[in-house]
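Q:
There are 2 protein chains.
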Amino acid sequence: MGRFIKSNAIKFTKLGDPRETLSLTTEEVDTDLKEGEVLVRWIACPVNPADINIARGVYFYKRLPPASLGIDGFGVIEKIGPGVKYVDVNDHVMPLHPHIQGGYWREFQVLQALGLYKLNKRLPLEAKATLTANAATAYLMLKLFVPLEKGDYVLQNAANSQVGRAVIDICKAFGYKTINVIRYRINVDKLKQELLDLGGDYVFTEAEFKENGRKFVNSLDRPLKLSINGVGGKSSIPISANLAKFGTMLVYGGMSLKPHEILTSSLVFKSIKVIGFQLFDYFGVEQDDFRRRTYDELTELFLAGKLHVSPMEKVPMENFKEAVAKTMAGSHLKQLLMISNEHASSHI
Amino acid sequence: MGRFIKSNAIKFTKLGDPRETLSLTTEEVDTDLKEGEVLVRWIACPVNPADINIARGVYFYKRLPPASLGIDGFGVIEKIGPGVKYVDVNDHVMPLHPHIQGGYWREFQVLQALGLYKLNKRLPLEAKATLTANAATAYLMLKLFVPLEKGDYVLQNAANSQVGRAVIDICKAFGYKTINVIRYRINVDKLKQELLDLGGDYVFTEAEFKENGRKFVNSLDRPLKLSINGVGGKSSIPISANLAKFGTMLVYGGMSLKPHEILTSSLVFKSIKVIGFQLFDYFGVEQDDFRRRTYDELTELFLAGKLHVSPMEKVPMENFKEAVAKTMAGSHLKQLLMISNEHASSHI
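Heads up: the sequence lines are chains D and E, in that order.
Count along the first sequence from 1, add 653, and you get the number used in the numbering used here.
Count along the second sequence from 1, add 653, and you get the number used in the numbering used here.
(1) Which residue marks the beginning of the beta strand (DSSP E) containing Val-763 of chain D, and which one marks its end?
(2) For Ala-720 of chain E, which of helix, strand or coil comes out of DSSP?
(3) What's the C-alpha gap between Met-747 of chain D and Arg-944 of chain E?
(4) If you compare alpha carbons, which of E:Ile-992, E:His-961 and E:Ala-957 is closest to Met-970 of chain E?
(5) Excluding the 5 residues flanking Val-962 of chain D on each side, which residues of the same chain have their C-beta closer than 7 Å to its C-beta?
(6) So who's on the other strand from Leu-675 of chain E, going by DSSP bridges?
(7) What residues are listed by DSSP as bridge partners for Gln-809 of chain D?
(8) Name the one or two DSSP bridge partners that Pro-969 of chain E has.
(9) For Leu-772 of chain D and Ala-697 of chain D, what's the separation of their Cα atoms in angstroms?
(10) Can a CB atom of chain E be found closer than 8 Å to the CB of Phe-727 of chain D?
(11) Under 9 Å, CB to CB, which of the residues in the region 910-929 of chain E have a partner in chain D?
(12) Between the alpha carbons of Glu-939 of chain E and Gln-815 of chain D, how many angstroms are there, rounded?
(13) Mind pulling the chain D residues with CB within less than 7 Å of Ile-890 of chain E?
(14) How many whole angstroms separate the CB atoms of Leu-808 of chain D and Val-691 of chain D, which I take to be in contact at a CB cut-off of 8 Å?
(15) Does Asp-934 of chain E have its Cβ less than 8 Å from a Cβ in chain D?
(16) In or out: Gly-983 of chain D buried (at least 16 other Cβ within 10 Å) or exposed?
(17) Using only the alpha-carbon positions, how far apart do Glu-861 of chain E and Lys-845 of chain E sit?
(18) Please look up how many angstroms separate the CB atoms of Phe-930 of chain D and Tyr-948 of chain D, rounded, as I've assumed it's under 8 Å.
(19) So, with DSSP's three-state summary, where would you put Glu-731 of chain E?
(20) Below 8 Å, can you find three or more Cβ-Cβ pairs linking the region 666-676 of chain E to the region 728-744 of chain E?
(21) For Glu-950 of chain D, I'd like the list of residues in its chain whose CB is within less than 8 Å of its CB, leaving aside the five on either flank, ordered along the chain.
(22) Excluding the five sequence neighbours on either side, which residues of its own chain have a C-beta within less than 6 Å of the C-beta of Ile-823 of chain E, listed in chain order?
(23) Relative to chain E, which residues along the region 703-717 of chain D have a C-beta separation below 8 Å, given in chain order?
(24) CB-CB under 8 Å to Leu-956 of chain E, same chain, minus the five flanking residues each way: which ones, in chain order?
(25) Here's the rule I'm using: 16 or more other beta-carbon atoms within 10 Å means buried, otherwise exposed. How should Arg-838 of chain E be labelled?
(26) If you draw a straight line from the alpha carbon of Ala-894 of chain D to that of Asp-685 of chain D, how long is it in whole angstroms?
(27) If you check the beta carbons only, do Ala-826 of chain D and Gly-817 of chain D fall under 8 Å apart?
(28) Do you know offhand how far Thr-674 of chain E's Cα is from Asp-683 of chain E's?
(29) Closer than 7 Å by C-beta to Gly-689 of chain D: which residues in its own chain qualify, once you throw out the five before and the five after it? Chain order, please.
(30) Suppose contacts are defined by Cβ-Cβ distances below 8 Å. Is Gly-853 of chain E in contact with Gly-828 of chain E by that definition?
(31) Note down the Cα distance separating Leu-769 of chain E from Asp-941 of chain E, rounded to an integer number of angstroms.
(32) Just mark Lys-878 of chain D as buried or exposed, buried being the case when its beta carbon has 16 or more other beta carbons within 10 Å.
(33) Can you pull the chain D neighbours of Gln-931 of chain E, defined as C-beta to C-beta under 9 Å?
(34) Chain E partners of Tyr-905 of chain D, CB-CB under 9 Å?
(35) Could you tell me which chain E residues have their CB closer than 8 Å to the CB of Gly-885 of chain D, listed as they occur along the chain?
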């Protein structure tokens, strides 16, 4: 093969609705690597809600067109440049700094080796492609803010989201009990059973928890010190109001697209804290050792069968428009773009 | 004088609207004091919004009828019981534990000496009667949560409230600058000038701050690390959204009677904290030394002319109905019930 190779890439050329602005194109990649660089062949990259917002230009970090989307993914090292020690050809990797070296919906990409995390090859593909953000978000929210003991309770909404499922898994692994709130939907009982099967201790719909949550929480044998909120709007009221005195509500999202509402009585009479959590604010670029250690621990949880991958739908790269449309419509499985074949090494 | 003395007391006999349930009555007080007790003659007690809510039974701590209102006040020691060392006859005092030994709208009361703070006699009457809660709230919010340096900015709404005015005073004393937001009213320019004269650095109406706040805060020479919120509702949005990354909004009240609304983007993209502040949660009964030291420091600020009393309207005790009605109507000066005459010592 020559120095320049052709590589497929999904790109947007202007900000706006990604169903309209994205197209599959080809770019030339220079395989003459500089000091510290590696050539990555991406295998699978999920479509995240954040990708949609990046394409629209409304996410908190901006990627200016022309650019590619993709904030996490799983790839294989095809070639290493001079001075690269930490990773080698054929290693499985994922990005450590998705907001710096972003845009992985492409076949080949030259990246800094230091910005990659070497994945354990025994992890399932879905875990490799999504380890960067969701499981780490759940893990650090449970580790960094409120000291919990075995038998303590954690209350969360959006319990069926990727982060919510990881919260259930990690709480179970650590010996905490989860009180899970989900939004009503057709076949809600099926979803309830699914979360109970995953290891959730209690599952309520929002309406059920609004009505009976206080009585239920008051009946627990311990104070409720931590709640986790990914929804916002009025859903934030019972998630915060049922905390014990000096309790903490962590907020990692606002799927309702409405401001979080918190009662004055919760704040003032119970002196609760509400803390916004954005993974990469607690996981800075100068904290790579801490990041790698966190991913090592998550890998162990996966390999011990304590952390599960959420169900995902694998979609060939060419069908990206369908995957993006399904993500935007909601109520579908997470969409995983299959960029290339894990075992079809090209070894440039 | 005999062992039992007659004492006037304003009392409510059932929960409800205090304009209807309160009456001036007479009770007998036993002046034969036990170990550690003192007899206090109350001089002046303010009417607080919290008193109204206590009378209604909707405050976070309850006082069951028949009972007296009053969570702070200024009194004179008339007599001391055996073993009392910390205070003496003629000393000026205020309650240290208003929510435990409450109900000061009465002429004479037997209290535990250890539950009283000895006031500096040089303090103005209004300060003696209200030092317990408002100035201490402002002071501890500025001291306990966010390390600030001279030249730093503090943003607050309800800037013309008792707490808000104390925030302006204490910030000025500590070398911090205040950005003050007030609600629109007739003659708003007069109130703006009053807060500027008090030492406020910037004063905006809510509408002005909503429109220009971001631009203004972005133009500051430092990040905005702390904001203070006593209003709630939509007013919480600009008070939190203009914080710098990892900034903190303290909430001590919700005068709007609406839940605090906080944008997901403020929480998640800026990783801000929202912390509810209730004075007596940070100022526990087991922390009397800390309380006394705090009141000593506030006394020094008053005597140095750095902390000012808010204007108050003195009302004879018999006119309590008028004072309560004005407090409930709002837009009046703080009402200060004059229970007895400071200089008319009875020395039982």
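Beta carbons: idealized from backbone N, C-alpha and C, even for Gly.
Note that the coordinates shown come from a computational prediction; the quantities given were computed from them, not determined experimentally.
A: On the basis of the supplied data:
(1) 761-765
(2) strand
(3) 53 Å
(4) E:Ile-992
(5) Pro-777, Glu-779 and Ala-780
(6) E:Phe-665
(7) D:Asn-833 and D:Ile-881
(8) E:Met-991
(9) 13 Å
(10) no
(11) Leu-910, Lys-911, Pro-912, His-913, Glu-914, Ile-915, Leu-916, Thr-917, Ser-918, Ser-919, Leu-920, Val-921, Phe-922, Lys-923, Ser-924, Ile-925, Lys-926, Val-927, Ile-928 and Gly-929
(12) 44 Å
(13) Pro-912
(14) Not quite, the Cβ-Cβ distance comes to about 43 Å (not below 8 Å), so this is no contact.
(15) yes
(16) exposed
(17) 12 Å
(18) Going by Cβ atoms, the distance from Phe-930 of chain D to Tyr-948 of chain D rounds to 18 Å, so no, they are not a contact pair.
(19) strand
(20) no
(21) Tyr-792
(22) Ala-791, Tyr-792 and Leu-795
(23) Phe-713
(24) Asn-773, Arg-775 and Leu-776
(25) exposed
(26) 58 Å
(27) no
(28) 26 Å
(29) Gly-734, Gly-736, Val-737, Gln-765, Ala-766 and Leu-767
(30) no
(31) 10 Å
(32) buried
(33) Leu-920, Val-921, Phe-922, Lys-923 and Ser-924
(34) Leu-920 and Val-921
(35) Thr-917
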